[in-house]
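Before any comments, here is the structure.
Residue numbers (our numbering): 1460 to 2055.
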């Protein structure tokens, strides 16, 4: 978001707050005074974890849901009792205890708790084969000790776990707070169904690793649905998660831990907090996601990576937020509702298909921890870290397809903006306090297609420094949303055509077909035929009929400006508008054209 036009309002607000108490010191919904260290302004405070082969691997047994019923211990449950066939299991008055390595098959209905307490080197397989466990005063399944537990959902089986709304636990179990709680590594696999009711707090908690490779899992929880303290790794399964807090999270702040890696599965998440949260890193390499969240849909204090997958996100806060870097190289990402679409210190888009809608900035490269600030800002204004100054931040677009519908800045970098490939379309703000493109340390284009429409008050185009491809900034337009805009060469060939969703008064265009010294005509309205126009009205060819010529413009510089209005390039208050008003040389970084 533009800071220039709001700085005096910000200073006035800070003076006001300094002179009086807010009365919300203990209100978790109010924003605290920003502290550079606490806000993440110190880059060293951002966790740095690159997920390698060790972090994203799955063992053969993680995916192996097989078991030998003949050698397993069979437990047939009924009420608070049941029958055990085999060894290392004991049943007494609503408590099933398992104490040694081996496979255990659980069937029937049980009013009680299952507790696993085995040697630290024991690997245990619990097969749920048509079992319902409802605990009257604690967790349904508690794994106190083991090396690793494999929870296998027998093929075709339907199973359920539910805990009580209040726990009667003591001693070492006082921190137990989930229907399925494990102090050991936990893997869930198989081809059955598991329904979990986390009536006390959480659905599933592993204090070590949580791995899921299969099964159909439905969780409704007061707080978090799925939590693996050290990491969460998912390669398959179907998930329907309704959580009062996070849908999926890993939060260990120790070095090398606290990450989420997902490479497969189907996810429907409705979260009262964050959709998916990985403290140190969040990486998605596959899967289908539908996430609705009150907080960020995807969040990490470290780095976010999207390699593949199909994601549909709707958030009351950010669609994607990383205190560190964001890298998107593949997949299909749709953010249909957000405060800011994608936010990170450095945002790199090298592939994929992205479509996003935001109430504030579409892409925002800025430092600092996530903070909505004053409940999301005054009408999109004073949100968290919205006044961070220029720094070592960047937006780099080298490939892919990006469509941004933003009410704030479309592409907003508190550092540099670089485009070298792909297709970038922006339907930007209608208010003059924002721009379709906004940067603080230079904006350059060397390749790709950019068409960005927005208001004219703070309009910026690309500059010549660092650029190797022609660009054009046109101000002084007055067009309604849904009005096609087309740039054609002297022979009438369409270079680019686009239909912005909102009213617009400025336009930025850059494409490989633009040639310095040539003249191009900008048309407003009309219909485009004979072209592969996409869902956003974009095309790079075709025949235009019925349009009105707005202007013929010679590209007399690598970065050409035409019309009146806007601030032009970066670097504070540039000198004057072309064709009148201020003295100071017009728009920096490129040729100017007289105003209309």
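We put the beta carbon where it would ideally sit given N, CA and C, even for glycine.
| Asked | Found |
| --- | --- |
| For residue 1690 and residue 1629, the rounded distance between their alpha carbons | 27 Å |
| Residues sharing a beta bridge with residue 1575, DSSP | 1557, 1602 |
| Cβ-based burial, residue 1913 [other Cβ within 10 Å; buried from 16] | buried |
| Beta-bridge pairing of residue 1900 - partner residues as DSSP gives them | DSSP, once it has assigned bridges, lists no residue as partnering residue 1900. |
| Residue 2059 - DSSP class collapsed to helix/strand/coil | Because the chain in this structure spans residues 1460 to 2055, residue 2059 falls outside the shown range and cannot be described. |
| Buried versus exposed call for residue 2005 [16 or more other C-beta atoms within 10 Å across all chains shown] | exposed |
| Member of 1651, 1735, 1607, 1578 whose CA lies at the smallest distance from the CA of residue 1697 | 1651 |
| Cβ pair residue 1811, residue 1790 closer than 8 Å | yes |
| From 1665, 1541, 1669, 1746, residue whose alpha carbon lies closest to that of residue 1518 | 1669 |
| Same chain, Cβ closer than 6 Å to residue 1862, five either side skipped, listed in chain order | 1814, 1884, 1995 |
| Rounded separation between residue 1942 and residue 1772 - CA only | 28 Å |
| Same chain only: Cβ atoms within 6 Å of residue 1823, ignoring 5 sequence neighbours per side | 1799, 1802, 1871 |
| Secondary structure of residue 2018, DSSP reduced to three states | strand |
| The segment 1850 to 1870 touching the segment 1930 to 1941, judged by at least three CB pairs closer than 8 Å | no |
| Short Cβ contact (8 Å threshold) for residue 1760 with residue 1739 | yes |
| Per-residue DSSP class, three states only, for residue 1790 | coil |
| DSSP three-state assignment for residue 1514, whether helix, strand or coil | helix |
| 6 Å Cβ shell around residue 1568 - same chain, five flanking residues per side excluded | 1591 |
| Under the three-state DSSP convention, the category residue 1504 falls into | helix |
| Status (buried if at least 16 other CB within 10 Å, exposed otherwise) for residue 1694 | buried |
| Distance between residue 1778 and residue 1756 (C-alpha atoms, nearest Å) | 5 Å |
| Residue 2112 - containing beta strand (DSSP E), residue span | Any answer about residue 2112 is impossible in this case: the structure gives the chain only from 1460 up to 2055. |
| Strand pairing of residue 1690, partner residues [DSSP] | 1668, 1718 |
| Test item: CB-CB of residue 1677 and residue 1654 under 8 Å | yes |
| Beta-bridge partners of residue 1738, as assigned by DSSP | According to DSSP, residue 1738 bridges with nothing at all. |
| Alpha-carbon spacing of residue 1956 relative to residue 2002, whole angstroms | 10 Å |
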